[in-house]
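> Just so you know, the protein sequences line up as chains A and B, in that order.
For the first sequence, the working numbering begins at 1 and goes up steadily by one.
For the second sequence, the working numbering begins at 1 and goes up steadily by one.
We put the CB at the ideal spot given by N, CA and C, even for glycine.
Number of protein chains: 2
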Amino acid sequence: MMSDSLSTVFAALADPTRRAILARLAGGEATVNDLAAPFAMSLPAVSKHLKVLERAGLITRGRDAQYRPCRLHADPLADAARWLDRYRVFWEASFDRLDEHLSDLRKGKTDD
Amino acid sequence: MMSDSLSTVFAALADPTRRAILARLAGGEATVNDLAAPFAMSLPAVSKHLKVLERAGLITRGRDAQYRPCRLHADPLADAARWLDRYRVFWEASFDRLDEHLSDLRKGKTDD
DNA sequence: CGGTTAATTAACTGACTGGTTTAATGTAGG
DNA sequence: CCTACATTAAACCAGTCAGTTAATTAACCG
Numbered sequence: 001m002m003s004d005s006l007s008t009v010f011a012a013l014a015d016p017t018r019r020a021i022l023a024r025l026a027g028g029e030a031t032v033n034d035l036a037a038p039f040a041m042s043l044p045a046v047s048k049h050l051k052v053l054e055r056a057g058l059i060t061r062g063r064d065a066q067y068r069p070c071r072l073h074a075d076p077l078a079d080a081a082r083w084l085d086r087y088r089v090f091w092e093a094s095f096d097r098l099d100e101h102l103s104d105l106r107k108g109k110t111d112d
Numbered sequence: 001m002m003s004d005s006l007s008t009v010f011a012a013l014a015d016p017t018r019r020a021i022l023a024r025l026a027g028g029e030a031t032v033n034d035l036a037a038p039f040a041m042s043l044p045a046v047s048k049h050l051k052v053l054e055r056a057g058l059i060t061r062g063r064d065a066q067y068r069p070c071r072l073h074a075d076p077l078a079d080a081a082r083w084l085d086r087y088r089v090f091w092e093a094s095f096d097r098l099d100e101h102l103s104d105l106r107k108g109k110t111d112d
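1. Taking Cβ to Cβ, would you say Leu6 of chain A is nearer than 8 Å to Ile59 of chain A?
2. Any idea what DSSP makes of Asp112 of chain A, helix, strand or coil?
3. Any idea which residues DSSP pairs Ala30 of chain B with across the strands?
4. With 16 as the cutoff for other CB atoms within 10 Å, does Val89 of chain B come out buried or exposed?
5. For Leu72 of chain B, count neighbouring Cβ atoms within 10 angstroms of its own Cβ and tell me buried if that reaches 16, exposed if not.
6. Starting from Arg24 of chain A, trace the alpha helix (DSSP H) in both directions and tell me its first and last residue.
7. Can you find a C-beta in chain A that's less than 8 Å from the C-beta of Asp99 of chain B?
8. Assuming Arg18 of chain B and Leu43 of chain B are in contact, meaning their beta carbons sit under 8 Å apart, how far apart are those beta carbons, in whole angstroms?
9. Just checking, does the region 74 to 82 of chain B make contact with the region 77 to 96 of chain A on the three C-beta pairs under 8 Å criterion?
10. Would Asp112 of chain B pass as an interface residue toward chain A - the criterion being a Cβ-Cβ separation below 8 Å?
11. When DSSP labels each residue in this structure, what does Asp85 of chain A get in the three-state scheme?
12. What did DSSP end up calling Asp4 of chain A once you bin it into helix, strand or coil?
13. By the criterion of Cβ-Cβ separation under 7 Å, what are the contact partners of Asp34 of chain B in chain A?
14. Any idea if His49 of chain B is buried or exposed, counting beta-carbon neighbours within 10 angstroms, 16 or more meaning buried?
15. Looking at chain B, is there any beta carbon in it that lies within less than 8 Å of the beta carbon of Arg71 of chain A?
16. In angstroms with no decimal places, state the Cα-to-Cα distance between His101 of chain A and Arg63 of chain B.
17. For chain A, find out if any of its Cβ atoms is closer than 8 Å to the Cβ of Ser5 of chain B; answer yes or no.
18. Flag this pair as yes or no: are the beta carbons of Ala74 of chain B and Ser94 of chain A separated by less than 8 Å?
19. What residues are listed by DSSP as bridge partners for Asp64 of chain A?
20. What first and last residue would you give for the alpha helix (DSSP H) that runs through Pro38 of chain A?
21. Less than 8 Å between CB atoms is the rule here; does Phe39 of chain B satisfy it with respect to chain A?
22. Can you tell me whether Asp4 of chain B is buried or exposed? The criterion is at least 16 other CB atoms within 10 Å of its CB, across all chains shown.
23. Closest by CA to Tyr67 of chain A, which one among A:Ser103, A:Arg55 and A:Ser47?
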């Protein structure tokens, strides 16, 4: 069913095209044609990606004449970041172990 | 194709069952049966979820007699967090606007 | 050895994804 | 009004996903 919002947001982020679109929108509003330009895919394909982003709440769209300008709406990313942050202690511990290991190597220790 | 690692990680996180499994593993190693217990789904289904997590590099599995204990491996989450962090300025700006709006409301302003 | 437990593989299903092409819609502007 | 442009909708396709049940592998234990 995939109706919880965190799942929807992560799923939206699980595609390089959509992440690139968000990166582009971080620089300001853009039309669908603008957004589609860098990609080797049809306009409807990009339109579908935008719909996915919109359903995830990551973009909003206005109306300016025949254009439908897209704006970044990063709020849902805050939830995603908050979820990830609960694991920061784990990856930092892991990196600390790596640091320690490397410095042991420099000192010539071989305890593994 | 979905071969880039960030996409694989986000896709792995886009499922509440898999996020729950990671949360459980944050408390320590667990066997497949342990992990499956809370869910109303068959063991093979959980086994598949574990394979997705493993391919995303989010868990590692050992061998202890007939058990295959799973351990959390949070490192790939660091990349995801780093990606998200580029958007922090946007959601914080958004929340600041909300704060401002609320404090304006408290002061009785009505500029929207 | 034989049985039990842990876990995975295999084969299948229904739903969703990401893409296509073609057709429709809405709006601007001569 | 007619045409061109921006965008979306429809219909379709191949591949993946999340789940199932049934069968298989692997290791322990009496």
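With the structure as the only source:
1. To locate residue 6 of chain A, count along the first sequence from 1; it is residue 6. To locate residue 59 of chain A, count along the first sequence from 1; it is residue 59. No, the Cβ-Cβ distance between Leu6 of chain A and Ile59 of chain A is not below 8 Å.
2. Numbered from 1 along the first sequence, position 112 holds the residue referred to as residue 112 of chain A. At Asp112 of chain A the pLDDT is 49, less than 50, meaning the model places this residue with poor confidence; the figure from the coordinates comes in the next sentence. Here Asp112 of chain A sits in coil by DSSP.
3. Mapped onto the second sequence, residue 30 of chain B falls at position 30. Ala30 of chain B pairs with B:Cys70.
4. Residue mapping note: residue 89 of chain B aligns to position 89 of the second sequence, counting from 1. When all chains shown are included, Val89 of chain B counts as exposed.
5. Along the second sequence, one-based indexing puts residue 72 of chain B at 72. Buried, since its Cβ has 16 or more Cβ neighbours within 10 Å.
6. As a working note, residue 24 of chain A is residue 24 in the first sequence. Pro16 to Leu25 is the extent of the alpha helix (DSSP H) around Arg24 of chain A.
7. Counting from one through the second sequence, the residue named residue 99 of chain B turns up at place 99. Judged by the 8 Å Cβ criterion, Asp99 of chain B is not in contact with chain A.
8. Looking up residue 18 of chain B in the second sequence gives position 18. Looking up residue 43 of chain B in the second sequence gives position 43. About 15 Å separates the two Cβ atoms, so there is no contact after all.
9. yes
10. Numbered from its first residue, the second sequence carries residue 112 of chain B at position 112. Confidence is the limiting factor: at Asp112 of chain B the pLDDT is only 48, short of 50, which leaves the residue's position unreliable and the question unanswerable from this model.
11. The residue labelled residue 85 of chain A in the question sits at position 85 within the first sequence. Helix, per DSSP.
12. Locating residue 4 of chain A in the first sequence gives position 4, where the first residue counts as 1. Coil at Asp4 of chain A, not helix or strand.
13. To locate residue 34 of chain B, count along the second sequence from 1; it is residue 34. Near Asp34 of chain B there are no residues of chain A at all, since even the closest Cβ is about 19 Å away, more than 7 Å.
14. Along the second sequence, read from residue 1 onward, the residue named residue 49 of chain B stands at position 49. When all chains shown are included, His49 of chain B counts as buried.
15. Here the question's residue 71 of chain A lines up with position 71 in the first sequence. It does not: the Cβ of Arg71 of chain A has no partner Cβ on chain B nearer than 8 Å.
16. Along the first sequence, read from residue 1 onward, the residue named residue 101 of chain A stands at position 101. Along the second sequence, read from residue 1 onward, the residue named residue 63 of chain B stands at position 63. So the alpha carbons of these two residues sit roughly 25 Å apart.
17. Your numbering for residue 5 of chain B matches position 5 in the second sequence. For Ser5 of chain B, the answer is no, since every Cβ of chain A falls outside 8 Å of its Cβ.
18. Sequence index remark: in the second sequence, residue 74 of chain B carries index 74 (1-based). Sequence index remark: in the first sequence, residue 94 of chain A carries index 94 (1-based). Result yes, Cβ atoms of Ala74 of chain B and Ser94 of chain A sit closer than 8 Å.
19. Position 64 of the first sequence, counting from 1, holds the residue named residue 64 of chain A. Note: Asp64 of chain A sits in a beta bridge opposite A:Tyr67.
20. Taking the first sequence and counting its residues from 1, one reaches residue 38 of chain A at position 38. No alpha helix (DSSP H) contains Pro38 of chain A, which DSSP labels as neither H nor E.
21. Within the second sequence, numbered from 1, the residue matching residue 39 of chain B stands at position 39. Output row for Phe39 of chain B: interface = no.
22. In the second sequence, counting from the first residue as 1, residue 4 of chain B sits at position 4. Label assigned to Asp4 of chain B: exposed.
23. Within the first sequence, the letter at position 67 stands for residue 67 of chain A. Closest option to Tyr67 of chain A, Cα to Cα, is A:Ser47.
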